[in-house]
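So the structure is just underneath, and the comments pick up after that.
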Amino acid sequence: MDIVKADNLVFEYIRRDDEGNPVDVTTALDHVNIDVKQGEFVGILGHNGSGKSTFAKHLNAILYPTEGTVIVDGMNTTDESRVWDVRSTAGMVFQNPDNQIIGQVVEEDVGFGPENLGVPTAEIWSRVEESLRAVGMLEFRYKSPGKLSGGQKQRVSIAGVLAMHPKCIILDEPTAMLDPSGRKEVVRAIRGLNDVEKMTVILITHYMDEVVHADRIFVMDKGRVVMHGTPREIFSQVEQLESLRLDVPGPTRIAWELKKKGIPLPDGILTCEELVKEIQKCR
Amino acid sequence: MIRDITIGQYYQTKSVIHRLDPRVKLLGTLLFIIALFSYKNPLGYALGIAFMCMVIKLSHVPVKFITKGLKGIMMIMCITVVINLFLTAGTPLISFWKITITYEGLAMAVTMIIRLILLIMGSSIVTLTTTPNNLTDGLEKGLGFMKVFHVPVGDVAMMMSIALRFIPILLEETDRIMKAQLARGADFENGNLVKRAKALVPVLVPLFVSAFRRAGDLAMAMEARCYRGGDGRTKMKPLVYKKRDAVAYIILFAFMVLSIFLGRWSVITGFFNNIYLNILK
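Taken in sequence, the protein lines are chains D and P.
Okay, so the first sequence: first residue is 200 according to this note's numbering, each after it adds one.
Okay, so the second sequence: first residue is 2 according to this note's numbering, each after it adds one.
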């Protein structure tokens with residue numbers, strides 16, 4: 200069953216002058232069709248201004264479609280009576296870790312979501328503990344968020360969403376403001392959620408190497424979905440990705456260059472190990 | 002330099018006072034202040050001082066820490082003393098040039114000083130022994146009855162705790178902006194007051210812009226996590242009265258009764274007034 204389904208989604212930013220007449224219409228999303236199944240890990244790639252963050256905000260009922268529909272777990276996001284159900288079903292992690300942590304202590308921040316949902320006190324505590332454990336931050340539960348590194352803060356944000364027991368978690372460029380080691384720990388935590396907890400994950404990013412392990416990838420450009428497929432299918436089209444100003448992961452790029460020089464390697468090599476194995480086969 | 006600012010400074014240690022329910026401490030401060038302004042004789046003040054000493058002793062906060070808070074109101078205290086000393090009419094004590102100090106003025110000045118010092122100490126002991134979070138929780142629960150008058154107590158408490166959480170973040174941001182401006186040749190240290198104030202404008206503008214951006218982001222993040230106002234929320238750490246809170250309430254009650262008895266009883270007040278009149282003669 201589709202947990203998230205966007206059908207012919209169109210969203211327009213309308214700029215108005217002082218009298219309220221529209222002067223300029225920017226189409227941020229142009230007939231987007233994206234569907235995500237329960238338990239899937241879906242990556243959404245795109246350069247700045249490709250509409251990927253706008254799309255994310257539709258899944259959480261922060262923005263509403265101009266045309267088309269967004270269905271989250273059977274609920275239409277425009278149905279006002281279900282807004283809070285939509286938001287607790289599709290949890291959202293944002294880019295800037297400093298601007299989404301509300302509590303002054305890690306565990307209090309993680310408890311914020313369940314508090315809003317009216318979860319009884321005893322259950323809040325068990326949810327907080329289990330969520331912090333899932334992202335490997337249990338030992339920092341009494342710390343002040345200000346004392347944590349960027350990657351740790353972002354993991355706390357993820358735990359904060361998990362504590363609401365969502366069916367699906369949307370991460371809107373969670374690593375954009377982190378250093379490489381912070382990126383790695385966040386990506387590892389996200390993969391763990393998908394592998395171990397079977398959580399549906401929608402990861403929006405412009406770093407290609409973060410979605411190498413995804414089940415499916417959508418590539419967006421200028422508000423449209425321009426490519427769609429498994430990582431292997433996507434990354435074998437190196438030229439097209441480059442025309443969209445996206446960087447291909449290192450191993451894929453090397454394989455592609457070698458192939459151009461006449462070495463018989465298959466398309467869509469994703470990891471270093473794969474590349475080494477294939478090169479050894481060539482000898 | 003800007004990082005030295007500590008608001009609602011909290012002194013971390015373990016003590017009974019620290020563990021008390023914030024509601025007890027808030028109500029206690031209020032009652033203490035009321036008591037202070039109702040005393041009519043020195044015995045009342047002695048009681049107030051004794052009570053303060055007991056609380057300080059129990060709180061395990063070094064006295065130095067508490068008296069630090071007094072430095073800020075030094076100026077106000079001096080002005081109060083001067084005004085009371087020189088401008089109270091009554092029986093002259095010393096008289097020189099055009100200035101007269103009266104017995105009444107002296108008594109008034111001493112009273113005011115004791116009141117002010119106890120007032121500041123009393124309120125700073127609360128912030129020193131209670132975390133800001135705990136304090137807002139206490140305010141929220143303690144003022145819960147205001148909901149009847151449609152005052153959004155929960156929302157106001159949420160705003161307070163968010164404001165407290167963003168103080169260090171905004172300070173850090175100010176520091177960063179100032180350093181960026183310094184690197185481009187801004188001068189915050191030299192020149193007269195007007196010049197220095199003007200130099201701060203290029204710091205404040207980007208600070209405000211970023212504060213608004215943060216507020217927008219935070220509001221979105223809170224909505225995404227289903228925050229919809231204070232109603233219908235449960236608490237992760239609800240405030241529950243313990244036995245020690247009951248004991249504290251009893252002590253407070255005893256203090257109030259004693260205060261009214263000792264500080265305002267006409268027999269005692271009359272006794273002190275007699276001594277006072279004898280001195281005057």
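For every residue, glycine included, the Cβ atom is placed at its ideal position computed from N, Cα and C.
Here the structure is a predicted model, which means the values were calculated and not measured.
Discussion item. Give me the subset of the region 161 to 172 of chain P whose CB atoms are less than 8 Å from a CB atom of chain D, sorted by chain position.
Written reply: So the close ones are S162, I163, L165, R166, P169 and I170.
Discussion item. Contact criterion: CB-CB distance below 8 Å. Does Y212 (chain D) meet it with respect to chain P?
Written reply: Not closer than 8 Å to any Cβ of chain P, the Cβ of Y212 (chain D) fails to qualify, so no.
Item to complete: Assign E314 (chain D) to one of three DSSP states: helix, strand, or coil.
Response: Assigned with DSSP and collapsed to three states, E314 (chain D) falls in helix.
Discussion item. Quick check: the Cα distance between E328 (chain D) and S260 (chain P), rounded to an integer number of angstroms?
Written reply: Between the C-alpha atoms of E328 (chain D) and S260 (chain P) there is a straight-line separation of about 48 Å.
Discussion item. Using a Cβ distance threshold of 8 Å, determine whether the region 413 to 427 of chain D contacts the region 230 to 243 of chain D, with at least three qualifying pairs required.
Written reply: These segments touch.
Worksheet item: Taking the beta strand (DSSP E) that Y228 (chain P) falls in, what are its first and last residues?
Response: Looking at the DSSP string, Y228 (chain P) is not in any beta strand (DSSP E), and its letter there is neither H nor E.
Worksheet item: Since R286 (chain D) meets chain P, which of its residues come closer than 9 Å, beta carbon to beta carbon?
Response: In chain order: E224, A225, R226 and C227.
Worksheet item: Do the region 12 to 27 of chain P and the region 125 to 144 of chain P make contact, defined as three or more Cβ pairs closer than 8 Å?
Response: Three or more pairs of CB atoms, one per stretch, sit closer than 8 Å, so the region 12 to 27 of chain P contacts the region 125 to 144 of chain P.
Discussion item. Counting only C-beta atoms, is M363 (chain D) closer than 8 Å to chain P at any point?
Written reply: Taking CB atoms only, M363 (chain D) has a neighbour in chain P less than 8 Å away.
Worksheet item: F439 (chain D): buried (16+ other C-beta within 10 angstroms of its C-beta) or exposed?
Response: Checking the sequence, you will find Gln at residue 439 (chain D) rather than Phe. Exposed is the label assigned to Q439 (chain D), since fewer than 16 other Cβ atoms lie within 10 Å of its Cβ.
Practice prompt. Give the residues of chain D in contact with K236 (chain P), contact being defined as C-beta atoms less than 7 Å apart.
Written response: The answer, in chain order, is E314 and T320.
Discussion item. Determine whether the beta carbon atoms of K41 (chain P) and T270 (chain P) lie at a separation below 8 Å.
Written reply: Yes; because the gap between Cβ atoms is below 8 Å, this pair is in contact.
Discussion item. For a cutoff of 8 Å on Cβ pairs, would you count N134 (chain P) as touching chain D?
Written reply: Output row for N134 (chain P): interface = yes.
Worksheet item: Using a Cβ-Cβ distance under 8 Å, would D5 (chain P) count as near chain D?
Response: At D5 (chain P), the pLDDT of 43 sits below 50, so the modelled position is not reliable and the matter cannot be decided from this model.
Worksheet item: Got a sec: is the Cβ-Cβ distance from P239 (chain P) to anything in chain D below 8 Å?
Response: It does: the Cβ of P239 (chain P) has a partner Cβ on chain D nearer than 8 Å.
Worksheet entry | Integer Cβ distance of M223 (chain P) from I261 (chain D), believed to fall under 8 Å | Rounded to the nearest angstrom, the Cβ distance from M223 (chain P) to I261 (chain D) is 11 Å, too far for a contact under 8 Å.
Item to complete: Determine the contact status of L37 (chain P) and R116 (chain P), defining contact as a CB-CB distance below 8 Å.
Response: Cβ atoms of L37 (chain P) and R116 (chain P): closer than 8 Å.
Fill in: The alpha helix (DSSP H) enclosing M122 (chain P), as first and last residue numbers
From DSSP, the alpha helix (DSSP H) with M122 (chain P) extends over Y104 to T130.
Item to complete: Give the interface partners of L219 (chain P) over in chain D, defined as CB-CB distance under 8 Å, in chain order.
Response: Under a criterion of Cβ atoms nearer than 8 Å, the residues of chain D adjacent to L219 (chain P) are, in order, N298, Q299 and I301.
Discussion item. What does DSSP give as the partner residue(s) for L144 (chain P) in the beta ladder?
Written reply: None; L144 (chain P) has no bridge partner.
Worksheet item: Between T81 (chain P) and M113 (chain P), what straight-line distance do the alpha-carbon atoms span, to the nearest angstrom?
Response: Looking at the two C-alpha atoms, the distance is approximately 7 Å.
Worksheet entry | Pair within 8 Å by beta-carbon distance, A388 (chain D) and I357 (chain D) | Yes, they are a contact pair.
Worksheet item: Which class does R354 (chain D) belong to by DSSP, given the choice of helix, strand or coil?
Response: Three-state DSSP puts R354 (chain D) in a helix.
Item to complete: Could you name the residues of the same chain whose beta carbon sits closer than 7 Å to that of L94 (chain P), not counting the 5 residues immediately before and after it, in chain order?
Response: If you ignore the 5 residues before and after L94 (chain P), its C-beta comes within less than 7 Å of the C-beta of I102, T103, Y104 and L107, all in its own chain and listed in chain order.
Practice prompt. Under 7 Å between beta-carbons, which chain D residues line up against R215 (chain P)? List them in chain order, please.
Written response: Residues of chain D passing the Cβ test: N298.
Worksheet item: Within 10 angstroms of its Cβ, does R215 (chain D) collect 16 or more other Cβ (buried), or is it exposed?
Response: Exposed, because fewer than 16 other Cβ atoms sit within 10 Å of the Cβ of R215 (chain D).
Item to complete: Closer than 8 Å by beta-carbon distance: list the chain D residues that pair up with G139 (chain P), in chain order.
Response: Under the 8 Å cutoff, chain D gives no residues; its nearest Cβ is about 15 Å from G139 (chain P).
Fill in: Element boundaries [beta strand (DSSP E), containing M363 (chain D)]
Premise fails: M363 (chain D) is in no beta strand (DSSP E) and is neither H nor E.
Discussion item. Going by C-alpha to C-alpha distance, which of P:H151, P:G264 and P:C79 sits closest to I118 (chain P)?
Written reply: Taking only the C-alpha atoms, the option nearest I118 (chain P) is P:C79.
Worksheet item: With a cut-off of 8 Å, does the C-beta of I8 (chain P) fall near any C-beta of chain D?
Response: Only weak support is given to the placement of I8 (chain P): the predicted model assigns it a pLDDT of 46, under 50, and the question is left unresolved by the model.
Worksheet item: What are the boundary residues of the alpha helix (DSSP H) that L19 (chain P) is part of?
Response: Correcting the residue type first, residue 19 (chain P) is His in the shown sequence and not Leu. Where H19 (chain P) is concerned, the enclosing alpha helix (DSSP H) starts and stops at V17 to R20.
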